[in-house]
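Trainee:
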Amino acid sequence: MKKFLALLLAAMMVLGVCAASADDLRVAMITDYGDITDQSFNQTTYEACQEWCEANGVEFTYYKPAGDSTAERVAMVEKADDEGYNVVVMPGYAFGETIAEVQGEYPEIKFVALDVSAFDLGTDPAENVYCAVYQEELCGFMAGYAAVKLGYKHLGFLGGMAVPAVVRYGFGFVQGANAAATELGIADQVTVEYVYGNQFYGDADITAYMDNWYQTLGVEVVFACGGGIFTSAGEAAAKTGAKVIGVDVDQAAIIDGAYGEGMTVTSAMKGLAATVKTLLTGIKDGNWAAYSGKVENLGLVGTDPANNYVQIAPSTQFADSFTADDYAALVAKMFNGEITVDNGIEAMPATEITVNDLGTVK
Numbered sequence: 057m058k059k060f061l062a063l064l065l066a067a068m069m070v071l072g073v074c075a076a077s078a079d080d081l082r083v084a085m086i087t088d089y090g091d092i093t094d095q096s097f098n099q100t101t102y103e104a105c106q107e108w109c110e111a112n113g114v115e116f117t118y119y120k121p122a123g124d125s126t127a128e129r130v131a132m133v134e135k136a137d138d139e140g141y142n143v144v145v146m147p148g149y150a151f152g153e154t155i156a157e158v159q160g161e162y163p164e165i166k167f168v169a170l171d172v173s174a175f176d177l178g179t180d181p182a183e184n185v186y187c188a189v190y191q192e193e194l195c196g197f198m199a200g201y202a203a204v205k206l207g208y209k210h211l212g213f214l215g216g217m218a219v220p221a222v223v224r225y226g227f228g229f230v231q232g233a234n235a236a237a238t239e240l241g242i243a244d245q246v247t248v249e250y251v252y253g254n255q256f257y258g259d260a261d262i263t264a265y266m267d268n269w270y271q272t273l274g275v276e277v278v279f280a281c282g283g284g285i286f287t288s289a290g291e292a293a294a295k296t297g298a299k300v301i302g303v304d305v306d307q308a309a310i311i312d313g314a315y316g317e318g319m320t321v322t323s324a325m326k327g328l329a330a331t332v333k334t335l336l337t338g339i340k341d342g343n344w345a346a347y348s349g350k351v352e353n354l355g356l357v358g359t360d361p362a363n364n365y366v367q368i369a370p371s372t373q374f375a376d377s378f379t380a381d382d383y384a385a386l387v388a389k390m391f392n393g394e395i396t397v398d399n400g401i402e403a404m405p406a407t408e409i410t411v412n413d414l415g416t417v418k
């Protein structure tokens, strides 16, 4: 009978039938291999977990895998289980294979995965898994729209690898630039150079490619979309006093700090922190059933930009040509359906502006 009751209690906890006290919860975050100081996915997720846990009196730790592989990430799940953590937060698509491998082995752990799609999983999520993906095309659109409204006419998109999330960012960016240019009647004057680096970090080759964009082609601002690949855009932009657009989180502090004050025009952001806090609160309040076994596609939830899961950064360099009020009006039109953004990733969107699709750097 005791064994039966224990199993029943475990099942109720997995399904979120009863609320969990702070003493019941122990939260761990696993990095994708990068550090919690990356000023991107890992750091934002870590800080959100830490802040929520401190506010709610919940024990929290994080683990960094020894290598960039599924095996190393699985080893961290095993360690979290050994040390008694029953909620594990994982940021980034690289955790897809890890979750598919561990979800059945550790039914007592609730896994919260950020930016992990059904494609990344390769299977259905179990009842102890929740995955959030984001409508990157929407914040990409906002960034492209803002850039043109702020007066930039020669834009660049430097993607990391052509994975779905990066492609949606890029295609949204192109659509936003096109929408602003057509509104202003300058579609014939706006050009977007478009390329993938085929990696998520900058290096000498990609920096040289960006040097050509900024110095020879006259590109004014580049949306650097793909982890650390922004370093190559930043290094090249610093040589000419040009600009960069950040991604995923507000990257103004890191880009400006490293390459020049005022370099970052805006950042296309995902609501990673909001997702973390919503899910942890749901688990604590016994509402896991609302999230159990789901892959949710998060985007706009209202007309207030600050409340949405996709947005551009508060540090955006607003000006008379594109104010914070103009941004709010744009978001309202998007939420109300007056402006629609295609989320397809099979082909470059049709535009009135010129888009030079250059393939990959290497």
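95 is the number that our numbering gives to position 39 of the sequence shown; each next residue is one higher, with no gaps. Yeah, the Cβ is synthetic: ideal placement off N, Cα and C, and Gly gets one too.
(1) Ala-308: buried (16+ other C-beta within 10 angstroms of its C-beta) or exposed?
(2) Measure the alpha-carbon distance for Ile-368 versus Val-83 and round it to whole angstroms.
(3) Using beta-carbon positions only, say whether Ser-323 and Ile-301 come within less than 9 angstroms of one another.
(4) Leaving out the 5 sequence neighbours to the left and right, which residues in its chain are closer than 6 angstroms to Lys-59 when beta-carbon positions are compared?
(5) From Asp-259 to Ser-288, what does the alpha carbon distance come to, in whole angstroms?
(6) Taking the continuous beta strand (DSSP E) assigned at Tyr-186, which residues delimit it?
(7) Taking a contact to mean a Cβ-Cβ separation below 9 angstroms, would you say Lys-209 touches Thr-179 in this structure?
(8) Start and end of the alpha helix (DSSP H) containing Gln-367?
(9) Could you have a look at Thr-87 and say whether DSSP puts it in helix, strand or coil?
(10) Three-state secondary structure (DSSP) at Val-219?
(11) Less than 8 angstroms between the CB atoms is what I'm expecting for Tyr-250 and Asn-412, so what's the real figure, rounded?
(12) Taking 8 angstroms as the cut-off, is the C-beta of Ser-288 nearer than that to any heavy atom in the ligand FAD?
(13) How many Å lie between Asn-268 and Gly-215 at the Cα?
(14) Considering just the uninterrupted stretch of the beta strand (DSSP E) at Asp-413, what are its terminal residues?
(15) With 16 as the cutoff for other CB atoms within 10 Å, does Ser-377 come out buried or exposed?
(16) To which residues does DSSP link Pro-147 through a beta bridge?
Mentor: In brief:
(1) Taking every protein chain shown into account, the CB of Ala-308 has 16 or more other CB atoms within 10 angstroms, so this residue is buried.
(2) A straight line joining the alpha-carbon of Ile-368 with that of Val-83 spans about 29 angstroms.
(3) In this structure, the beta-carbon distance from Ser-323 to Ile-301 falls below 9 angstroms.
(4) Any reading at Lys-59 must be qualified, since the residue scores a pLDDT of 36, below 50, and its modelled position is unreliable; the value itself is stated next. In the same chain as Lys-59, and ignoring 5 residues on each side of it, no C-beta atom comes closer than 6 angstroms to its own.
(5) It is roughly 6 angstroms from the alpha-carbon of Asp-259 to the alpha-carbon of Ser-288.
(6) Where Tyr-186 is concerned, the enclosing beta strand (DSSP E) starts and stops at 185-190.
(7) Going by beta carbons, Lys-209 and Thr-179 fall outside the 9 angstroms limit.
(8) Segment 366-368 is the beta strand (DSSP E) holding Gln-367; no alpha helix (DSSP H) there.
(9) The answer is coil: DSSP assigns Thr-87 none of H, G, I, E or B.
(10) Val-219: coil per DSSP, three-state reduction.
(11) Right, the Cβ-Cβ distance comes to about 6 angstroms (below 8 angstroms), so this counts as a contact.
(12) For the ligand FAD, the structure offers nothing, since it holds no ligand at all.
(13) Near 16 angstroms, if we compare the C-alpha coordinates of Gly-215 and Asn-268.
(14) Residues 410-416.
(15) Under this definition Ser-377 is an exposed residue.
(16) Answer is Leu-170, bridged to Pro-147.
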